[in-house]
Amino acid sequence: MTADTSGLRDVWRGGVATWECDEMGHMNTRFYVARSVEAVAMTFGLAGLPLLFAPASATTLAVTSMHIRFLREARAGTSMHMTAGFTSIGDTSADIVVMMFDSASGECAATFRIGLSHVEVANGAARAWPEAFATRVASDLADTPKLALPRSTGELPATTSASGARARELGLRQLGQGAVQQQACDPFGKMLPQGFVAAIADSVRNIITPLRELCARHSDRNGPHFGAAALEFLILVDDMPGNGDCWEVRSGLARADGRTMNIVNWMLDPFSGRAFGTMEVIAICFDLEARRLIPIAPAAQAELAGWTIPGLAL
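Just so you know, the sequence shown maps onto residues 118 to 431 in the numbering used here.
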């Protein structure tokens with residue numbers, strides 16, 4: 118897939134390591150997100166704010182939202198590069214778009230739309246951008262390529278519906294729990310976006326696996342050929358947990374059709390019930406030999422209806 122990258126600048130170049138790939142044989146989503154965070158740092162550096170992630174910085178960037186489309190597999194040994202640009206700038210906020218490409222083929226592998234807030238390290242309060250920076254960015258905004266727009270998700274809501282009380286009301290299963298470790302945090306003690314995605318991805322296996330097995334039972338393409346993959350993420354962050362904070366992930370199937378399953382995941386404080394963040398995953402059944410989508414059979418769709426939780430959303 119090709120994309121219009123006019124107005125976007127080169128911000129990252131590298132490749133896919135074997136240890137970044139998962140049991141499906143391609144780069145795990147947490148490493149896509151890790152590379153996008155590097156792209157964010159370079160994008161802001163090129164625009165005049167190069168040290169926002171440095172330990173001595175008085176201000177930093179907080180991710181408030183992410184929309185990601187996974188368009189092409191990135192397998193071990195693949196050379197990759199990324200381009201990015203600002204699509205909007207507010208008094209204390211900004212939106213950027215990042216495009217990841219297979220460097221050999223030139224095809225777009227993934228897109229990222231990222232919402233960011235400029236905050237004080239000391240207390241997390243929003244801080245206005247330096248005037249010269251804001252003026253420079255506002256004069257050089259890029260359009261979001263059509264390839265980066267949502268396909269199977271909606272747009273982000275203003276606020277999340279997630280809470281411990283709402284999870285109990287809907288009967289959401291607890292699929293994961295743990296505590297934030299220092300290596301998953303930024304220099305200021307907040308969980309990194311890739312740490313957030315990793316925690317949810319590891320948790321969601323506990324629903325993806327039985328759903329995948331359900332679909333395999335109704336498919337003529339089952340056994341070792343039958344896998345799963347993500348097509349799209351929609352993420353809304355309230356406040357990332359910090360070093361030492363405990364978390365739990367509660368999830369459920371929101372909807373399914375002949376191609377995709379929409380799984381909504383809430384990361385909550387297990388003690389207070391407040392939401393740290395939410396993530397919708399658009400998942401598919403994946404042929405591990407042909408490396409393509411496997412349709413969900415009508416009989417599987419009928420059985421999946423029993424898993425669906427009405428009213429479940431970010």
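Even glycine gets a Cβ: it sits at the ideal position worked out from N, Cα and C.
Between the alpha carbons of GLY271 and PHE388 lies a gap of roughly 30 Å. Comparing alpha-carbon positions, the option among THR181, GLY142, HIS143 lying closest to VAL154 turns out to be THR181. Spanning the alpha carbons of TRP364 and ILE401 requires a straight line of approximately 27 Å. Boundaries cannot be given for SER280, as no beta strand (DSSP E) includes it and DSSP labels it neither H nor E.
Taken in chain order, the whole alpha helix (DSSP H) runs of length 4 or more contained in the segment 134-203 are 146-163. In the displayed model, ASP219 falls within a strand according to three-state DSSP.
In its chain, beyond the 5 residues on either side, THR204, VAL214, ARG230 have a beta carbon closer than 7 Å to the beta carbon of THR261. The beta carbon of ARG253 is closer than 8 Å to those of ALA164, GLY165 in its chain, skipping five residues each way along the sequence. Within the same chain, Cβ atoms closer than 7 Å to the Cβ of HIS342 are found at ASP404, LEU405, GLU406, the five residues on either side in sequence being excluded. Under the three-pair Cβ rule at 8 Å, the segment 176-191 counts as touching the segment 220-238. With respect to HIS198, ARG130 sits close: the two C-beta atoms are nearer than 8 Å. Contact check for ASP208 against ARG189 fails: the beta carbons are separated by 8 Å or more. Distance between PRO167 and MET357, taken at the CA atoms: about 23 Å. Between the alpha carbons of ALA296 and THR395 lies a distance of about 17 Å.
Annotated three-state conformation of SER234 is strand, per DSSP.
Under the three-state reduction of DSSP, ASN379 is assigned to strand. Here the alpha carbon of GLN418 sits roughly 35 Å from the alpha carbon of VAL133. Per the DSSP secondary-structure output, GLY293 pairs in a beta bridge with VAL366. For LEU273, the closest C-alpha among the options PHE350, ASP257, GLN299 is that of PHE350.
In the structure shown, the three-state DSSP call for GLY207 is coil.
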